[in-house]
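Read left to right, the sequence shown gives residues 59 to 413 (this note's numbering). Heads up, the thing below is written out as structure tokens.
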Amino acid sequence: MEGWARSSLWGARRLWAPHAHMTRSRVVCGRPLNLWPSSGNRRSQLHQIFQESFCIKIQLNYGALVNLTKVRNKIKFTGQPYSTSQTVDPEELRKFQRLAHKWWNEDGEYAALHSMNDIRVPFIRDTMLNLKNDHELGSPLFSMKILDVGCGGGLLTEPLARLGASVTGIDPLEDNIRTAELHKSYDPVLTKRIQYRACTLEDIVEEGSEKFDIVVASEVVEHVADVEKFIKCFGEVLKPEGSLFITTLNKTQLSYVFGIIVAEKLLGLVPVGTHDWEKFISPEELERLLESNGFSVKVVKGMLYNPLFGSWSWTGNTSINYALHAIKSSMQEELDLKEASTEHQQAEANIRTAS
Numbered sequence: 059m060e061g062w063a064r065s066s067l068w069g070a071r072r073l074w075a076p077h078a079h080m081t082r083s084r085v086v087c088g089r090p091l092n093l094w095p096s097s098g099n100r101r102s103q104l105h106q107i108f109q110e111s112f113c114i115k116i117q118l119n120y121g122a123l124v125n126l127t128k129v130r131n132k133i134k135f136t137g138q139p140y141s142t143s144q145t146v147d148p149e150e151l152r153k154f155q156r157l158a159h160k161w162w163n164e165d166g167e168y169a170a171l172h173s174m175n176d177i178r179v180p181f182i183r184d185t186m187l188n189l190k191n192d193h194e195l196g197s198p199l200f201s202m203k204i205l206d207v208g209c210g211g212g213l214l215t216e217p218l219a220r221l222g223a224s225v226t227g228i229d230p231l232e233d234n235i236r237t238a239e240l241h242k243s244y245d246p247v248l249t250k251r252i253q254y255r256a257c258t259l260e261d262i263v264e265e266g267s268e269k270f271d272i273v274v275a276s277e278v279v280e281h282v283a284d285v286e287k288f289i290k291c292f293g294e295v296l297k298p299e300g301s302l303f304i305t306t307l308n309k310t311q312l313s314y315v316f317g318i319i320v321a322e323k324l325l326g327l328v329p330v331g332t333h334d335w336e337k338f339i340s341p342e343e344l345e346r347l348l349e350s351n352g353f354s355v356k357v358v359k360g361m362l363y364n365p366l367f368g369s370w371s372w373t374g375n376t377s378i379n380y381a382l383h384a385i386k387s388s389m390q391e392e393l394d395l396k397e398a399s400t401e402h403q404q405a406e407a408n409i410r411t412a413s
């Protein structure tokens, strides 16, 4: 590849220097592994997914990533992260701080997140188009206020802003925000549409000065310390009938195998220790938490990553990765839910008294 690589559909994703060269070695698909002697159904499921996505690690060689080096050299990184937030896990902050300067290397540790934009951005865009009666041509998210929670270096923030939205990206790591700010500065359009803040979701709640049309938490829920508190905060920053978009990992044996053993230890798609399986959450549990906090879940769909091609696709299987769209109840619906909850509690109290 010579000269400047073409940008992606929603904005520059590669930062190649002129006359940089990339060579990609061929990869050989691995045979399905007999991971455990279980039921035929599970073995069949594993076989199918391995056929679609398992391969020997792709080796990438680069001639010159001069621009990425310049970006890294411009950023001053700070000491150990610390947070008193109930939802932020200090250990998670330490893990991500080590990678703060690597967000915009499309073929590095965050390659899978870069390619995830190919399905998660259209998912958000198309969902909102179906909910809106009118929109501007070329700017389907125009006039919408979006909060990107755990924005990192701005990988999802930027394409959402390019669709016309006014986006606030928040992240508890100041180093991530510095990386995001620097990359945003290369495009005057993004400078006008994006605001980055080094803060937590709880900080936004406490300020109480702003409500959003859309809240996005992509690949974040599996890293928080208190999911229930996190979900509650979503409801407090969204407008009534606002939309919430979440992508995360299911808590299954398959997600452990592919999300940790394969992704971290075999293929090295992400650094070892990136994920903690105990923090993964099933769609059923996430839906329960959302509904108990005034949300109505509209869509849950599976996502599948193919490391052979470095691409994501939608699937009917939610056993590894999945995406969710929920809508915050309107004011009247919230009142009805509270009234129903109060009546239910009163009925239970009456039963206990009678017995």
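Even for Gly, the Cβ is constructed at its ideal location relative to N, Cα and C. Bear in mind that the values here come from a model prediction, so they are computed numbers and not experimental data.
Exercise for review: Would you identify the three-state DSSP class for residue 158, choosing helix, strand or coil?
Suggested key: helix
**Study point:** Sufficient close CB pairs (3 or more, under 8 Å) joining the segment 248 to 256 to the segment 223 to 232
**Key:** yes
**Study point:** Three-way DSSP call (helix, strand, coil) for residue 360 in this model
**Key:** strand
Review point. Between the Cα of residue 334 and the Cα atoms of 277, 367, 162, which residue gives the shortest distance?
Key: 277
Check your understanding: For residue 260, which three-state DSSP category applies?
Key -> helix
**Study point:** First through last residue of the alpha helix (DSSP H) which encompasses residue 275
**Key:** Unbroken run through residue 275 is the beta strand (DSSP E), 270 to 276; no alpha helix (DSSP H).
Review point. Anyone know if the C-beta pair for residue 339 and residue 297 falls short of 7 Å?
Key: no
Practice item. Output the boundary residues of the alpha helix (DSSP H) element that contains residue 237. Key: 232 to 242
Exercise for review: Flag this pair as yes or no: are the beta carbons of residue 358 and residue 382 separated by less than 7 Å?
Suggested key: yes
Exercise for review: Starting from residue 386, follow its DSSP beta bridges and name the residues at the other end.
Suggested key: 353
Exercise for review: State the beta-bridge partners of residue 253 as determined by DSSP.
Suggested key: 226
Point to revise | Whole-Å CB distance - residue 380 paired with residue 341, under 8 Å assumed | key: 6 Å
Exercise for review: Flag this pair as touching only if the segment 298 to 305 and the segment 262 to 275 have three or more C-beta atom pairs under 8 Å; answer yes or no.
Suggested key: yes
Point to revise | Residues bridged to residue 307 (per DSSP) | key: 379
Point to revise | Proximity winner among 321, 259, 281, relative to residue 295 (alpha-carbon distances) | key: 259
**Study point:** Distance between residue 208 and residue 263 (C-alpha atoms, nearest Å)
**Key:** 15 Å
Practice item. With distances taken Cα to Cα, identify the nearest neighbour of residue 233 among 215, 220, 257, 249. Key: 257
Exercise for review: To the nearest angstrom, report how far apart residue 370 and residue 179 are at their CA atoms.
Suggested key: 12 Å
Check your understanding: Considering residue 245, what are the terminal residues of the alpha helix (DSSP H) in which it resides?
Key -> Counting along the chain, residue 245 falls outside any alpha helix (DSSP H), and DSSP gives it neither H nor E.
Practice item. For residue 409, collect the residues of the same chain with a Cβ closer than 7 Å to its Cβ; drop the 5 residues on either side in sequence, then sort them by chain order. Key: none
Exercise for review: Tell me whether residue 180 sits in a helix, a strand or coil according to DSSP, three-state version.
Suggested key: helix
Point to revise | Classification of residue 343 by the beta-carbon crowding that lies within 10 angstroms, buried from 16 upward | key: exposed
**Study point:** Supposed close pair residue 312, residue 377 - CB separation, criterion 8 Å
**Key:** 5 Å
Exercise for review: Ignore the nearest five residues each way along the sequence and tell me which others in residue 337's own chain have a CB closer than 6 Å to its CB.
Suggested key: 280
**Study point:** Option nearest residue 299 by Cα separation, candidates 249, 288, 355
**Key:** 355
Exercise for review: Look up residue 204 in the DSSP assignment and say whether it is helix, strand or coil.
Suggested key: strand
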